[in-house]
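**Q**
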Amino acid sequence: GGGAKPLVGKDTIREMTNAVIDAASFIYDQSIRLTNQGVRMQELRHHIVMPQSLLKYPYINEAYGQFDTWPQAIAAHDLGWFSGHAEDLHELPRAELSKNWIELAGGEAAVLKAYRTAMEQKRYLWAKDLAVSLYDAAPGNKDYRQALADAFRALGQYSPGSIARHFYIASARSLEGESVHTLGAVQEAALKAQAAAGELRSIQDGVTWAAAQGVPYTYWGMRWVYVRLGLTHKVPRPRHPQVSAAAQTA
């Protein structure tokens with residue numbers, strides 16, 4: 004949640020802070036409770052709904068992270084990847100599994116037909132699963148790549164959280180051939196070296212440098228690149244994203 008107006012007043016701050024803590028605690032407690040009852044971590048999201056008593060607060064929202072993406076992360080962090088169900092111990096490689104399902108379904112044409120029907124009916128999660136099977140079986144097939152891209156784009160448009168939405172949309176664009184979304188490993192190494200040498204003295208310098216490499220970044224996108232590369236000690240966080248480059252200089 005969050006991402007709203009500043010809080011003013013002691014009582015308001017206390018009320019909103021308690022609401023955020025209660026919301027996080029609710030998701031955490033329910034995730035662990037259901038996991039201990041044998042619910043698979045992948046299924047937790049289908050059993051946990053944020054109560055209306057918390058949703059009435061404007062700071063309890065999904066503008067950034069979606070509630071349904073939290074439970075699985077909580078269970079995996081606290082309990083590890085294994086669900087406790089023996090059938091989850093081992094599985095076929097995805098490509099082989101997909102080919103087996105496609106054969107069982109009557110062939111690729113039958114699966115593609117089912118995909119198109121699912122898209123028409125706006126059953127986008129089912130359409131995504133069908134498209135994933137086709138893509139896994141033949142990742143170079145342009146029609147299957149486009150089918151999966153269309154499913155991702157539809158899911159992105161229905162996702163309230165910016166993180167989930169951006170993953171879906173970026174993946175769709177990548178499948179369609181727009182492969183340059185982020186700096187590659189060699190480019191990141193060059194960025195880090197130039198920052199260490201003092202040639203890039205601000206986050207805005209990083210944005211400008213990346214644009215010259217043909218990779219557009221927003222200020223905040225580049226800021227997280229700096230965080231991931233351990234360069235934050237060189238560039239203090241500014242008061243505002245539009246602050247001058249001079250004010251960002253270490």
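Numbering (the working numbering), first residue to last: 4 to 253. Idealized CB from N, CA, C, for every residue including glycine. Fair warning: this is a prediction, and the values are worked out from it, not measured in the lab.
Terminal residues of the continuous alpha helix (DSSP H) containing D32?
**A** Sequence index remark: in the sequence shown, residue 32 carries index 29 (1-based). It spans K13 to N39 - the alpha helix (DSSP H) in which D32 sits, taken as one unbroken run.
**Q** Suppose you measure from the CA of I51 to the CA of M225; what does that come to, to the nearest Å?
**A** Here residue 51 refers to the residue found at position 48 of the sequence shown. Here residue 225 refers to the residue found at position 222 of the sequence shown. Taking the Cα positions, I51 is about 34 Å away from M225.
**Q** Tell me the DSSP secondary structure of K145 in three-state form.
**A** Translated into positions along the sequence shown, residue 145 becomes position 142. Helix.
**Q** Which class does I51 belong to by DSSP, given the choice of helix, strand or coil?
**A** If you number the sequence shown from 1, residue 51 lands on position 48. If DSSP states are grouped into helix, strand and coil, I51 belongs with coil.
**Q** With the cut-off set at 8 Å, would you say A175 and D139 are in Cβ contact?
**A** Mapped onto the sequence shown, residue 175 falls at position 172. Mapped onto the sequence shown, residue 139 falls at position 136. Their beta carbons are not under 8 Å apart, which means A175 does not touch D139 by this criterion.
**Q** I need the DSSP call for Y171, collapsed to helix, strand or coil.
**A** Looking up residue 171 in the sequence shown gives position 168. Y171: helix per DSSP, three-state reduction.
**Q** Using the Cβ count rule (16 or more neighbours within 10 Å means buried), how would you classify P61?
**A** To locate residue 61, count along the sequence shown from 1; it is residue 58. That one is exposed.
**Q** Please list the terminal residues of the continuous alpha helix (DSSP H) segment that includes S136.
**A** Translated into the one-based positions of the sequence shown, residue 136 becomes position 133. Counting along the chain, the alpha helix (DSSP H) containing S136 begins and ends at Y127 to A140.
**Q** Do L158 and Y171 have their C-beta atoms closer together than 8 Å?
**A** In the sequence shown, residue 158 corresponds to position 155, counting from 1. In the sequence shown, residue 171 corresponds to position 168, counting from 1. Yes; because the gap between Cβ atoms is below 8 Å, this pair is in contact.
**Q** Considering only their Cβ atoms, is the gap separating A79 from M3 smaller than 8 Å?
**A** With the chain covering 4 to 253 only, the question about residue 3 has no answer from this structure.
**Q** Closer than 6 Å by C-beta to A130: which residues in its own chain qualify, once you throw out the five before and the five after it? Chain order, please.
**A** By one-based count along the sequence shown, residue 130 stands at place 127. Cβ neighbours of A130 beyond the five flanking positions: Y118, A121, M122 and A154.
**Q** Looking only at its own chain, which residues have a Cβ that is under 7 Å from the Cβ of Q190, when we skip the five neighbours before and after it?
**A** Here the question's residue 190 lines up with position 187 in the sequence shown. The answer, listed in chain order, is Q216.
**Q** So, for K102: in the same chain, excluding its five sequence neighbours on each side, which residues have a beta-carbon less than 6 Å away from its beta-carbon?
**A** Residue 102 sits at position 99 when you count from the first residue of the sequence shown. So the list reads A140, once near-sequence residues are dropped.
**Q** At a cut of 8 Å, does the region 59 to 76 reach the region 25 to 41 through at least three beta carbon pairs?
**A** yes
**Q** Compare the beta carbon distance of V11 and I63 with 8 Å and say whether it is the shorter of the two.
**A** For the purposes of this step, residue 11 is identified with residue 8 of the sequence shown, where counting begins at 1. For the purposes of this step, residue 63 is identified with residue 60 of the sequence shown, where counting begins at 1. Inclusion of V11 and I63 in the CB contact set at 8 Å is not warranted, their separation being larger than that value.
**Q** Use the C-beta contact count for L107: other C-beta atoms within 10 angstroms, 16 or more gives buried, fewer gives exposed.
**A** As a working mapping, residue 107 is identified with position 104 in the sequence shown. Result: exposed.
**Q** To the nearest angstrom, how far is it from the Cα of G68 to the Cα of I77?
**A** Sequence index remark: in the sequence shown, residue 68 carries index 65 (1-based). Sequence index remark: in the sequence shown, residue 77 carries index 74 (1-based). So the alpha carbons of these two residues sit roughly 14 Å apart.
**Q** With burial defined as no fewer than 16 other Cβ atoms inside 10 Å of the residue's Cβ, what is the status of T38: buried or exposed?
**A** Stepping through the sequence shown from its first residue, residue 38 is reached at position 35. Result: buried.
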